[in-house]
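Residue numbers for the sequence shown follow the numbering used here, so the first one is 7 and each next one is one higher.
Glycine residues also receive a C-beta, built at the ideal position from the N, C-alpha and C atoms.
Here's the structure, in structure tokens; my notes come after.
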Amino acid sequence: MPRALNKPSPPVQPRSPLLSPRPIETSKPPTSRIETPRAKPSLKGKEKLATPVPLVDSGPSNILGQLDDSNLNQYTPKPLPSWYTRIESTSRGLKELNKRPTSDQSQYIKALSSMKGCIERCETGRGLNEDDLNELRNHVHKAEIGLKVDRFIVRKMRMLDEPYGLPRIFASTKMSVPMDLRMDAWQLYLRWYREEFEVDILRGIKTRQDRDRSADSIDPRWKKVPTKYYGEGDLVLGQWWPTQLCLVRDGAHGAAQGGIYGEKERGAYSIVLSGGSQYHDEDDGDTMWYSGTDGKDYMPTENTLRLVESLETVGNPIRVFRSHQLPKKNPYRPVVGLRYDGLYMIERKELINKEKQAFRFFLVRCPGQHPIRYGNNAAARPTIYEIKEDEKMRKFGR
């Protein structure tokens, strides 16, 4: 059973931004659905651990850099995408939108105009206050969950343009924007940049009409996203998903149900911290004990070996996700769904059961990251809008 958790200290206020790690692909994008590594009963003798794998090439390191107070912002606007620049004022879709917008389109345009008006007030005011910031947060969070925009609305409102749209939030030099708000604006920006406008939290998922989420599957028409990389890629701290399968959909974690995802000789890429009385997990936020899976006949499982490789040969940072299935007394437990809480390094392991080759691993959160977005505060994820959508999803059994 997990030990009693220490009483947590209040959430730390965001510090200077971290240097963004660059994901390093270890294979070509998958051509089929990724499955969790499975134990191989045919292993004979003690498996020899892989030789160290270089974590970096000639490019930037994927290990987190130290905080740099002179670096005001880690998020830089990208060159405008081709789908965006191809839409001109004479384009048929844009002309129809300007001339005869539907009631829903008018509503979404009005919402984006309100967001831009709020940005303008924040930029030109004498100083930001909590009311201004919370209003801007609400605009961004509503857009992520509730605005069913399309390419023409985004183009009309110039939401990807640096002087006019979302870059005014995540790359702002005119106002002091809290890091959580920069992150969430960046997450929305990236989704629209990729021309992904579906707001259904189960987008790309084929659901069964019952409450058993294990029967869900990824729609084969959905574009597959690679999961075999070190670092956090395009994820933002605090990013949220309703189910673990959605992690796979977005390339965050490669196992639809398993808690450990990795690759032989590459170690573990990501883990999900969840519940279960059979595990000897302990969660103190910036540090944790995380259990591998039980083997048999003095043989460790493949999943456990991935964690051993990360510790002893690869030395890579691991993406950590926390699930709402954690014990309710855990203060870092998300209210619903799963939340990305940053990169951790394994520092040591402890043998729990020799015959089962059951180990637990001590992980420490990498330096240079902003605080975990938990607790009862404006920066916490999931947002109130995500919680409501999750409740709606479960109420209607989808």
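Around the Cβ of Phe402, are there at least 16 other Cβ atoms within 10 angstroms (buried) or fewer (exposed)?
Taking the first residue of the sequence shown as position 1, residue 402 is located at position 396. The residue is exposed, with fewer than 16 neighbouring Cβ atoms inside 10 Å.
Nearest to Leu317 by CA position, among Lys302, Leu332, Glu356 and Pro248, is which residue?
Counting from one through the sequence shown, the residue named residue 317 turns up at place 311. Comparing Cα-Cα distances from Leu317 to each of Lys302, Leu332, Glu356 and Pro248, the minimum goes to Glu356.
Can you give me the C-alpha to C-alpha distance between Tyr410 and Gly239, rounded to a whole angstrom?
Outside the shown range of the chain, which is 7 to 404, sits residue 410, and nothing can be said about it.
Looking only at C-alpha atoms, which of Phe365, Lys84 and Gly264 sits nearest to Trp295?
Along the sequence shown, one-based indexing puts residue 295 at 289. Taking only the C-alpha atoms, the option nearest Trp295 is Phe365.
Can you tell me whether Lys162 is buried or exposed, with buried defined as 16 or more other CB within 10 angstroms of its CB?
By one-based count along the sequence shown, residue 162 stands at place 156. It counts as buried.
Tell me whether Lys84 is buried or exposed, calling it buried when 16 or more other Cβ atoms sit within 10 Å of its Cβ.
The residue given as residue 84 occupies position 78 in the sequence shown. By the 10 Å Cβ count, Lys84 comes out exposed.
Can you check which of these residues, Asn359, Tyr199 and Glu308, is closest to Thr91 by C-alpha distance?
Here residue 91 corresponds to residue number 85 of the sequence shown, with the count starting at 1. Residue Tyr199 is the option with its Cα nearest to Thr91.
Please state whether DSSP places Met351 in a helix, a strand or coil.
As a working note, residue 351 is residue 345 in the sequence shown. In the structure shown, Met351 sits in a strand (DSSP, three-state: E or B).
What runs of the beta strand (DSSP E), each 3 residues or longer, lie entirely inside the region 207 to 232?
Listed in chain order, there is nothing to give.
Could you check the C-alpha separation between Asp347 and Thr249 for me, to the nearest Å?
In the sequence shown, the residue the question calls residue 347 occupies position 341. In the sequence shown, the residue the question calls residue 249 occupies position 243. Their Cα atoms are separated by approximately 16 Å.
List the endpoints of the continuous beta strand (DSSP E) containing Ala364.
What you label residue 364 is simply residue 358 of the sequence shown in a count that begins at 1. Ala364 -> beta strand (DSSP E) spans Ala364 to Arg371.
So, does the region 172 to 185 touch the region 119 to 133, judging by three or more C-beta pairs under 8 Å?
Segments in contact, yes.
Using CA atoms only, rank isn't needed, just tell me which of Gly301, Leu166, Met165 and Gly244 is closest to Lys362.
Translated into positions along the sequence shown, residue 362 becomes position 356. Taking only the C-alpha atoms, the option nearest Lys362 is Gly301.
If you follow the alpha helix (DSSP H) that Gly99 is part of, which residue opens it and which one closes it?
Position 93 of the sequence shown, counted from the start, is the residue given in the question as residue 99. Gly99 -> alpha helix (DSSP H) spans Arg98 to Lys105.
Span of the alpha helix (DSSP H) holding Gly152?
Here residue 152 is taken as the residue at index 146 of the sequence shown, counted from 1. From DSSP, the alpha helix (DSSP H) with Gly152 extends over Glu136 to Gly152.
How many Å lie between Tyr81 and Trp192 at the Cα?
Locating residue 81 in the sequence shown gives position 75, where the first residue counts as 1. Locating residue 192 in the sequence shown gives position 186, where the first residue counts as 1. Whole-angstrom Cα-Cα distance: 7 Å.
Going by C-alpha distance, which of Glu204, Leu208 and Arg371 is nearest Gly237?
Here the question's residue 237 lines up with position 231 in the sequence shown. Cα-wise, what sits closest to Gly237 is Arg371.
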